[in-house]
């Protein structure tokens, strides 16, 4: 009996101590930055929190960055041009509740061409995109995407902020995280060092392995190289940080375009349920009032 | 059902119907007039919550099946279609995806309640066994449902699980091939998993009916574990007393559910499952959904062979055994006392068991060779083979010394320099906790019935209630069960 | 909280208690009913056409590519339409009908839509390709069967339409419907569902 109690107490102590120590070590950052310590733009993200919203101007700028920079290599297969004009989207206009009628969306679609079949000859041709079309894929097929990018196809960006730990902060950190490698770190040809990339620098680090630099190597060269690379229509200075922030905002919206609707509905649903709970609790008290229990 | 039916049809039609199909009588006797112990606490509301969870999953699942395409080239895109284009599709999918987690949360609370209050003991053995069957069906359904979105975790998770089954002796490889319908997870697998994922919930519903039937034959247990002696004094009719109490608990549960669905819909998801399945690239960390993590930890905890049984098979057997052991529970527990309220030692060991299960969950989520905590400073080690070809290791604190030593060795030594970490590995924690899991059922439960001296129990339910509400609430209320204040 | 609800009932207190009990139970049931109705809405609305389906509810057709005396068939969101290039003889035939003898009276002009300059273009006729009887797609000039009135012939139950798409013979009750369409240019029309 005593043995069991002692063993049980020992086990409990062990479990608690493990949890405590694990927690304490978790809190201690190894580096100021790195995949575990992502960077955020100043002021954070407008769309975070239970009541956060997307800034429509930021979405428009972000779309421009995506279109002029990212889209040359990265597809967005789940996105259609009409999405740009839907409620909460970058080019939503209350005058055109149907995004397919929105002239800005139509113009954005018509700027680009998509492959089609000529109905008369059966030949492949390029035609201007319509609002119902998905964003054109920069590569004809996955093999072409791999062949043009050193064997690794650039990931699709439709749900990229859901597909990476850290979401928009990861995108922002990655875009601003290209650094010159520290002395002792060899960067192979076709590779680029990024302090936020969740990779491993160990094999290419000549120094003390306990002090290996954070981050990793990726095939993508720094896509946003200089301030002013994209000209923003609303006059916002296009610094690398601003462009990174806006494109990350756009990608966060694209991955979760129903976010605003969802949160608004959620506030209503939770308030309703709390009122419901109070009413049913009172009803419950009434019913049980005369029963000893 | 316990006791004769008290239903009396009033109108002409109900009399006519009652003589031909007494369905109203069935409903009345099992949901309106069913005598229920008056001292049930909130832990007993999870049965009703679970029934609602099943309905929610079936209704949202039927809706999703209207829009989903079970084809490897279109499955991922069809989920995006549901999330983006179908009106309220995002809502229905988030309810379904988070609903799975909610379902398991509720079922675990329901099971731990059954463990604590001895709800598996005579005469409720069949009731308990049917519950374990439901739980197994739930796990199968959840696993197959997780494959459908065709993300990276869907694909590689299903690869791992089907390979586990393939590790079983003799029948394993054949069963695996039959499950997959090919050499690897692919279109045939996705199609049959979709078919079964749609079928199994209705099988669950059938077993739930048996579960409720068994419950209504023997009646509810209660926190004292004392059987109902006088229906008038000990019980109240199910309606309105427990419909309103269960209703209140359900609303609180739904509030928590809604917070997840509307504000943290991806909290229980994995980022890797937002990447379309790629059979050529396994994600860095393959982990199941949180509700299967403890079993995954038990699987991973076995890293040693026993006699002729290799570690891999042993792990699989341990994992399946940890679930199947629940079937034997009514006969493993030798105590005459149902409720742990009156079993001081059992209660402490039960709390430890709950902690062990939660701890195993954390072990399942972590790499076996990662450290729970580290001891001492990281050192450096140089590994090389000496002139006789034997492996040697030398430790250093300074990098310059270690590097100089490595450089001094001949090329033939194949020296390498690594970080030498020391600490307590997750693997070891999972081995301790998994051992406790089995010891709890196989050793402690049979033993306790013999050595434990239970506290005095109340003579009846009415008596226990009277004492509590009459004489300023005695301190005999268990710590783990929040009592209804009054 | 614990005491006031369970105070021992006097005759008066009992009566007051009954009233409040009724009210709170009715309130609870009402809130529950409202919740059930609100939950039902998304589960019904999800059956509506999805956004991608709705986006495909219009199409542009170049009418200059329709051969004289023939037609092309267009599918918009799964719904078929005829775009027919009528010969002068067919136009005359459509215009010379005595409207009062028709089952569903309509002039030929009322079945045309104006060009961007406001004039009607009688050579191009755009109609729904769904027979108003039970929804079959009638045969037309390209199928080699146009019926007694030179328009369309429905193979299902023998409804016959003239060169203006009006019902002339057979079980169909109405003329072939004229869809919503506009001339965006003299040769390009946009048909919407």
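Residue numbers (the working numbering), protein chains in the order written: chain D, 335 to 627; chain G, 649 to 1134; chain Y, 2 to 194.
Note that beta-carbon positions come from the ideal geometry of N, C-alpha and C, so glycine has one too.
As the structure is a prediction and not an experimental result, all values here were calculated from the model.
Check                                                                                                                           : Outcome
First and last residue of the uninterrupted beta strand (DSSP E) at residue 1019 of chain G                                     : 1019-1022
CB contact below 8 Å: residue 735 of chain G versus chain Y                                                                     : yes
Length-filtered (4 minimum) alpha helix (DSSP H) runs lying within the segment 487-530 of chain D                               : 494-497 and 502-510
Within chain G, the residues that residue 608 of chain D reaches when beta carbons sit closer than 7 Å                          : 903
Three-state secondary structure (DSSP) of residue 786 of chain G                                                                : helix
Residue 97 of chain Y versus Y/163, Y/185 and Y/28, residue with shortest Cα-Cα distance                                        : Y/163
DSSP state of residue 888 of chain G mapped onto helix, strand, coil                                                            : helix
Extent of the continuous alpha helix (DSSP H) run through residue 54 of chain Y                                                 : 52-56
Below-8 Å beta-carbon distance, residue 76 of chain Y vs any chain D residue                                                    : no
Under 7 Å from the C-beta of residue 438 of chain D: neighbouring residues of chain Y                                           : Within chain Y, no residue comes near residue 438 of chain D; the closest Cβ sits about 16 Å away, beyond 7 Å.
Test: residue 614 of chain D CB closer than 8 Å to a CB of chain Y                                                              : yes
Residue 1040 of chain G in three-state terms, based on DSSP                                                                     : strand
Chain Y within 8 Å of residue 596 of chain D, Cβ atoms only                                                                     : no
Three-state secondary structure assigned by DSSP to residue 664 of chain G                                                      : helix
Residue 987 of chain G beta carbon less than 8 Å from that of residue 1096 of chain G                                           : no
Contact set between residue 1042 of chain G and chain D, taken where Cβ atoms lie within less than 9 Å                          : Simply none; closest approach about 15 Å.
Inter-stretch contact at 8 Å, needing at least 3 Cβ pairs: the segment 405-421 of chain D / the segment 468-479 of chain D      : yes
CA-to-CA distance, residue 775 of chain G to residue 860 of chain G, given in whole angstroms                                   : 8 Å
Contacts that residue 513 of chain D makes with chain B (C-beta to C-beta distance below 7 Å)                                   : You won't find chain B in this structure, because its protein chains are D, G and Y.
Presumed contact (8 Å Cβ cut-off) between residue 502 of chain D and residue 585 of chain D, rounded CB distance                : 7 Å
Beta carbon proximity, residue 26 of chain Y to chain D, threshold 8 Å                                                          : yes
Closest Cα partner of residue 255 of chain Y within the set Y/127, Y/167, Y/140 and Y/159                                       : It is not possible to answer for residue 255 of chain Y, since the shown part of chain Y is limited to 2 through 194.
Cβ-based burial, residue 863 of chain G [other Cβ within 10 Å; buried from 16]                                                  : buried
Beta-carbon separation (whole angstroms), residue 806 of chain G vs residue 825 of chain G, contact threshold 8 Å               : With a Cβ gap of about 14 Å, residue 806 of chain G and residue 825 of chain G do not count as contacting.
Exposed unless 16 or more other CB atoms sit within 10 angstroms - verdict on residue 729 of chain G                            : buried
Closer than 8 Å to chain G by CB, residue 671 of chain D                                                                        : Within the shown structure, residues of chain D are numbered from 335 to 627, placing residue 671 of chain D beyond reach of any answer.
Cross-chain neighbours of residue 382 of chain D in chain G, by beta carbon under 9 Å                                           : Per Cβ cutoff of 9 Å: no residues; residue 382 of chain D is ~11 Å from chain G at best.
Closer than 8 Å to chain D by CB, residue 69 of chain Y                                                                         : no
Short CB-CB distance (under 8 Å) between residue 889 of chain G and chain D                                                     : yes
Validate contact between the segment 950-960 of chain G and the segment 753-764 of chain G using beta carbons, cut 8 Å, 3 pairs : no
Classification of residue 857 of chain G by the beta-carbon crowding that lies within 10 angstroms, buried from 16 upward       : exposed
Alpha carbon of residue 1121 of chain G to alpha carbon of residue 627 of chain D, nearest angstrom                             : Any reading at residue 1121 of chain G is ruled out, since the residue's pLDDT is 42, under 50, leaving its predicted position unreliable.
Contact between the segment 1049-1058 of chain G and the segment 1075-1085 of chain G (3+ Cβ pairs under 8 Å)                   : no
Continuous alpha helix (DSSP H) stretch holding residue 1007 of chain G: start and end                                          : 992-1013
Residues within the segment 398-418 of chain D neighbouring chain Y, beta-carbon criterion of under 8 Å                         : 414 and 416
Cβ shell of residue 173 of chain Y (< 6 Å), same chain only, five flanking positions each side left out                         : 132, 133, 134 and 160
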